[in-house]
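So the structure is just underneath, and the comments pick up after that.
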Amino acid sequence: MAVPAAMQTLPLEPSTPARDEPGLMGRKRTWARDFALVGGVTGALAPLAVYAGFPALYYGLTGLGGLVAGAALGGLLPWLLGRRARKVPVVGLLAAGPLVGALWGGLAGLAGSIVFLGDHHSLDLGFLSVAFGAVAGAVQFGWLWIPYTVKRARKKRTWPLVAGALALAPAMGWAAMAVVRFFF
């Protein structure tokens, strides 16, 4: 009986780890570095690309929030995915990506919303900041994490994916703006 394509698992090959890459998924610090970089740049550039009228501190805090959340996420992912990733259907992994990304981006937006405390529109601006960050994070992480995971598991270079994510950071702002404007 053939297994439907949607139920197949990721094509991760359990190979002998390279000396500098312990474990099936590689070093936690490499994951943390890459996702911190993507989170920090996306956190700062996504809202800046759409609207440059907020205080500079806002963009700094959203970048810092994305950096910290990305580092935490990157440090946690190799442990979560280790040998478990081969047992999870691709559909489950594809669904989890945008949800995890929304949490990542939402935390970046929440960090930036601190700037609006005390403003008479603070609740509205804070909510929009979190919603905007959640959408940008869901889109960014949603496309990035499966190819990144497969490349890391196969001991391939991930810098082209990270560079692509950095280049797409402003576009994440426009994608988030489109979704937020549609729903709000």
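My numbering applies: residue 358 is where the sequence shown begins, and numbers increase by one. Cβ atoms here follow ideal geometry from the backbone N, Cα and C, with glycine treated the same way.
- Helix, strand or coil for P412 per DSSP? For the purposes of this step, residue 412 is taken as residue 55 along the sequence shown, with counting starting at 1. P412 falls in the coil class under three-state DSSP.
- Distance between A429 and L482 (C-alpha atoms, nearest Å): Residue 482 sits at position 125 when you count from the first residue of the sequence shown. Residue 429 sits at position 72 when you count from the first residue of the sequence shown. Taking the straight line from one Cα to the other gives about 26 Å.
- Query: Assuming P527 contacts A406 under a Cβ cut-off of 8 Å, what Cβ separation, rounded to an integer in Å, is found between them?
  - Reply: Stepping through the sequence shown from its first residue, residue 527 is reached at position 170. Stepping through the sequence shown from its first residue, residue 406 is reached at position 49. Contact holds; Cβ gap of about 4 Å.
- Query: Contact between the stretch 443-450 and the stretch 469-484: three or more CB pairs below 8 Å?
  - Reply: Touching, no.
- Message: Quick check: the stretch 401-421 against the stretch 507-517, are at least 3 beta-carbon pairs closer than 8 Å?
- Response: They do not touch, by the three-pair rule.
- Item | F540 versus M534 - alpha carbon distance | As a first step, residue 540 is located in the sequence shown; it is residue number 183 there, counting from the start. As a first step, residue 534 is located in the sequence shown; it is residue number 177 there, counting from the start. Going by the C-alpha atoms only, they are around 10 Å apart.
- Task: Quick one: residues in its chain with C-beta nearer than 8 Å to the C-beta of R514, no 5 flanking neighbours on either side, listed in chain order?
- Result: Sequence index remark: in the sequence shown, residue 514 carries index 157 (1-based). Contacts found: K508.
- Query: Among G420, A389, A393 and L424, which residue has its Cα nearest to the Cα of P435?
  - Reply: As a working mapping, residue 435 is identified with position 78 in the sequence shown. Ranking G420, A389, A393 and L424 by Cα distance to P435 puts A389 first.
- Query: To the nearest whole angstrom, what separates the beta carbons of T419 and G431, a pair I think is in contact under 8 Å?
  - Reply: Locating residue 419 in the sequence shown gives position 62, where the first residue counts as 1. Locating residue 431 in the sequence shown gives position 74, where the first residue counts as 1. Contact flag wrong, Cβ pair sits at about 18 Å.
- Message: DSSP three-state label for G475, please.
- Response: Within the sequence shown, the letter at position 118 stands for residue 475. Note: G475 maps to coil in three-state DSSP.
- Item | Closest residue to V487 among L501, V472 and A413 (Cα-Cα distance) | By 1-based counting over the sequence shown, the position of residue 487 is 130. Among L501, V472 and A413, the Cα nearest to that of V487 belongs to V472.
- Message: Closest to L518 by C-alpha separation, out of K444, M382, F392 and A491, would be which residue?
- Response: Indexing the sequence shown from 1 puts residue 518 at position 161. Nearest C-alpha to L518: F392.
- Is the beta carbon of G463 sitting closer than 8 Å to the one on G494? One-based indexing of the sequence shown puts residue 463 at position 106. One-based indexing of the sequence shown puts residue 494 at position 137. In this structure, G494 lies closer than 8 Å to G463 by Cβ.
- Query: Helix, strand or coil: how does DSSP classify V515 here?
  - Reply: Counting from 1 along the sequence shown, the entry for residue 515 is found at position 158. According to the sequence provided, residue 515 is Thr. The question's Val does not apply to it. Correct three-state label for T515: coil.
- Message: For G521 and A468, which I take to be in contact (beta-carbon distance under 8 Å), what is that distance rounded to the nearest angstrom?
- Response: Position 164 of the sequence shown holds residue 521. Position 111 of the sequence shown holds residue 468. Rounded, the Cβ-Cβ distance is 24 Å, inconsistent with contact.
- Enclosing alpha helix (DSSP H) for G400 [first to last residue]: The residue you call residue 400 lines up with position 43 of the sequence shown. Where G400 is concerned, the enclosing alpha helix (DSSP H) stretches over K385 to V407.
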